[in-house]
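Residue numbers (the numbering used here): 3 to 67.
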């Protein structure tokens, strides 16, 4: 960030610098890959109590993708 850019950012926001815009960590394709990996792992642990947590994670990721 240059001094000119910083000055512009501060005048646009009443003298308070704004944080940089956040970027997505995972792409849409990544969510599909993660869901596939979770399905494979769920098959391995299907009879264990923690499988519920992974099933819930799978469904939450489905809403994102």
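Where a beta carbon is used, it is the ideal one built from N, C-alpha and C, also for glycine.
In this text the structure is predicted, and so the values were computed from the model without any measurement.
Rounded distance between the beta-carbons of residue j and residue i, thought under 8 Å
{"i": "residue 63", "j": "residue 25", "result": "About 19 Å; that fails the 8 Å criterion."}
Within 7 Å, strictly: CB atoms of residue i and residue j
{"i": "residue 47", "j": "residue 60", "result": "no"}
Nearest residue (CA-CA) to residue i, options the options
{"i": "residue 66", "options": "45, 33 and 18", "result": "33"}
Helix, strand or coil at residue i according to DSSP, with G and I counted as helix
{"i": "residue 20", "result": "coil"}
{"i": "residue 26", "result": "coil"}
{"i": "residue 31", "result": "helix"}
{"i": "residue 47", "result": "coil"}
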